[in-house]
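This report concerns only the one structure given below.
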Amino acid sequence: MVHFDVAVVGAGPIGSSAARHLAKAGLQVVLIGPDEPLDPDTHDGVFASHYDQARITRTIDPDPLWQRLAIISLQRYSEIERLSGITFYQRCGHISVASSKKGTLLAAIQASSEGSGKELNRLVNSDLARIYPDLKFPTAAEAFSDAAGGYINPRAFVKAQLKLAQQSGAVLLKEQVHSISANNDRVAITTPLRELEASRAIVACGCYTKWLMNLKQLKVQGRTVVLLELPDSEVQRLAGMPSIIFEGEEESDNCYILPPVRYPNGSSYIKIGGRPYDLPLESADDVANWFNQKTKQKNTQDLLSQLLKLVPLKYLTGETKNCVLTLTDSGRPIIDYSQKSERIVIASGGNGGAAKSAEEIGRLAAGLVSGAWFSMLDRKLFSLRT
Ligand SMILES: Cc1cc2nc3c(=O)[nH]c(=O)nc-3n(C[C@H](O)[C@H](O)[C@H](O)COP(=O)(O)OP(=O)(O)OC[C@H]3O[C@@H](n4cnc5c(N)ncnc54)[C@H](O)[C@@H]3O)c2cc1C
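175 is the number of the first residue of the sequence shown in my numbering; add one for each residue after it.
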C-alpha cells in the first residue's frame, strides 16, 4: 500500500490551501475529495459550501480573529494568482453598512480595527449617496468602506490552490472518503475504490466533517441566496458597485449583497443572502435534500424585497440557490487535533465566512498537522474543546 506523509480529506477552499502548503514544504501529500457534481438533482454524494462564483472578501470585520485571517489571506491572493495563472480576486471594494447608529456592526468593526492598527474610512449617508448613486440606503445609514475588499471566486480559488499543490507533488484523488481512523503509528482511510495510509491527516470536509468525525461541536444550517439575472445595460449601470454587508433596523433585515458577477452560463447575476430564519440540518441526507432543493425555501420573497430596497433594479428574472453553513459555538473556525488522535487535525467551522480566509486557515492546519503553530493568534481560539 502506498504510504503518504499527510492525507488531506476534502478538496474545498480549506483542504486545497492546506495541501498546497504541505506539498510546498516537501511532504508527500495526498488530497482526497470529489469534484463539484455536474447535476445536483441526481447527485448522491457530498456537496460543498463553495459552489458559487462569488464570496465577499474584506479586511474589516467585527471579529478581530476573522479580520486577521482575512487580511493575511488577502495578502497572498496575488501571489497565488500569479503562480497559478488563475485569477479569482475582484478588488471592487467593500462596504459594511449600518442602517442607524443603534446597531452594533460599526462599533464592533471599529473595536477590531483599533486592535489591529488598521485605519478605517467612515462614510455618512451623504457620502454613500454621492459615491454610490445607484444604491439606496436609509437616511441615517453610515458605513465603513474597505478599498481592498470585494469578492473572490471560490471555485477559481480552489482550482488555483489545487494546481499549485499538484505542481509541488501532491496527489489528487477525486473520491469521497467513507472512513478515517488512527492508531499509534498511522492513519487509515477508505474510499469506495481503495484503502490508503498516511502518517497524519487533515479533515477539511466542510459540514461533512461533523458526520465523518462525529463532532457534536459543529452545527449545520441551511441558507438561501437569491440571484437576479441582469441584462448588460444593468451590469454596466452598476459597474463599480462594491460587495455589501448591511445591518438593518431589525435582525431580519440583515443581509449581504454581491455586485453583478458573470456565471458559467454566460449570464450576469446580482446576489443577496442573509439570515431570516434558521434551518438546522441534522444529517448528510438533510444536507443533500437541501442542496438539491427538495426541502422548500421559505425566505425567498423577503430576500428579494430587501435586495430591491437597497439596489433598485429594472429587470427581474430570479432564481434561488441553497447552501449550508458549518457553525461553531465560538463563531470561529476549528483548527485542532481530533479528540481521538493527534494524528488527525480538524479544519472546519467556516461560520459563513471562511472562503476569503481559507488560505490562512489551511496554512495553520498544515502547520499543526506537522506539529507546529505558525501564528501570533492564540491556538486556543481555534480549539475543539471549548
Ligand atoms: C450562502 C453562503 C454564502 C457565503 N458567503 C461567504 C462570503 O461572502 N465570504 C466568505 O468568505 N465565505 C462565505 N461563505 C462561507 C464559505 O463558502 C465557506 O466557509 C467555505 O466554503 C468553507 O470551506 P471548507 O473548505 O470548509 O468547506 P466546503 O467549501 O464545503 O468544502 C468542503 C470540501 O470537502 C469535500 N468533502 C466533503 N465530504 C467529503 C468526504 N467524505 N470525502 C472527501 N471529500 C469530502 C467536499 O467535496 C468539498 O470539496 C458562504 C457560505 C454560504 C453557504
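The beta carbon of each residue, even a glycine, is placed where N, CA and C say it ideally should be.
Starting from residue i and walking both ways along the alpha helix (DSSP H), at which residues does that stretch end?
i: residue 541; result: 532-543
i: residue 247; result: 238-258
i: residue 328; result: 328-341
i: residue 300; result: 299-305
i: residue 410; result: 406-411
Tell me which residues share the same chain as residue i and place their Cβ nearer than 8 Å to its Cβ, disregarding the 5 neighbours each side in the sequence.
i: residue 314; result: 273, 274, 275 and 299
i: residue 241; result: 233, 234, 235, 286, 287, 290 and 292
i: residue 186; result: 207, 222, 223, 224, 332, 378, 379, 380 and 532
Got a sec? Which residues, its chain only, sit under 6 Å from residue i by beta carbon, not counting five neighbours each side?
i: residue 531; result: 243, 244 and 247
i: residue 356; result: 515, 517 and 518
i: residue 466; result: 214 and 215
i: residue 261; result: 255
Do residue j and residue i count as a contact pair if the criterion is CB distance below 8 Å?
i: residue 381; j: residue 498; result: yes
i: residue 354; j: residue 345; result: no
i: residue 512; j: residue 387; result: yes
i: residue 490; j: residue 431; result: no
i: residue 523; j: residue 453; result: no
i: residue 537; j: residue 335; result: no
i: residue 206; j: residue 351; result: yes
i: residue 347; j: residue 364; result: no
i: residue 494; j: residue 471; result: yes
i: residue 443; j: residue 403; result: yes
Can you tell me where the beta strand (DSSP E) holding residue i begins and where it ends?
i: residue 268; result: 268-272
i: residue 178; result: 177-183
i: residue 436; result: 429-436
i: residue 513; result: Looking at the DSSP string, residue 513 is not in any beta strand (DSSP E), and its letter there is neither H nor E.
i: residue 493; result: 491-501
i: residue 356; result: 353-356
i: residue 231; result: 229-231
i: residue 204; result: 203-206
In this structure, how does DSSP classify residue i when only helix, strand and coil are distinguished?
i: residue 449; result: coil
i: residue 468; result: coil
i: residue 313; result: coil
i: residue 283; result: helix
i: residue 381; result: helix
i: residue 264; result: strand
i: residue 556; result: helix
i: residue 188; result: helix
i: residue 198; result: helix
i: residue 480; result: helix
i: residue 549; result: coil
i: residue 457; result: coil
i: residue 367; result: coil
i: residue 504; result: coil
i: residue 391; result: coil
i: residue 324; result: strand
i: residue 567; result: This structure gives no information on residue 567, because the portion of the chain shown stretches from 175 to 560.
i: residue 222; result: coil
i: residue 522; result: strand
i: residue 288; result: helix
Between residue i and the rest of its own chain, which residues show a CB-CB distance below 7 Å, the 5 nearest in sequence each way excluded?
i: residue 545; result: none
i: residue 556; result: 506, 507, 508, 509 and 510
i: residue 198; result: 342
i: residue 284; result: 294
i: residue 418; result: 269, 271, 430 and 431
i: residue 265; result: 322 and 324
i: residue 461; result: 221, 381, 394, 455 and 498
i: residue 410; result: none
Out of the options, point me to the one whose CA is closest to residue i's CA.
i: residue 392; options: 398, 399, 319 and 383; result: 383
i: residue 175; options: 262, 317, 237 and 372; result: 372
i: residue 433; options: 228, 208, 547 and 554; result: 228
i: residue 358; options: 348, 374 and 369; result: 374
i: residue 307; options: 324, 487 and 534; result: 487
i: residue 178; options: 277, 370, 504 and 259; result: 370
i: residue 327; options: 201, 183, 390 and 435; result: 435
i: residue 482; options: 458, 446 and 551; result: 446
i: residue 201; options: 413, 340, 368 and 443; result: 340
i: residue 479; options: 183, 303 and 400; result: 400
i: residue 503; options: 493, 541 and 559; result: 559
i: residue 317; options: 349, 301 and 408; result: 301
i: residue 319; options: 406, 368, 309 and 296; result: 296
i: residue 219; options: 547, 540 and 458; result: 458
i: residue 385; options: 528, 520 and 526; result: 520
i: residue 368; options: 267, 305, 542 and 204; result: 204
i: residue 312; options: 279, 408, 253 and 422; result: 422
i: residue 279; options: 501, 424 and 305; result: 424
i: residue 338; options: 541, 413, 398 and 259; result: 259
i: residue 330; options: 420, 209 and 547; result: 209
i: residue 438; options: 217, 226 and 252; result: 226
Under 8 Å, Cβ to Cβ, is there at least one residue of chain C near residue i?
i: residue 292; result: Checking the listed chains, one finds no chain C in this structure; it contains a single protein chain.
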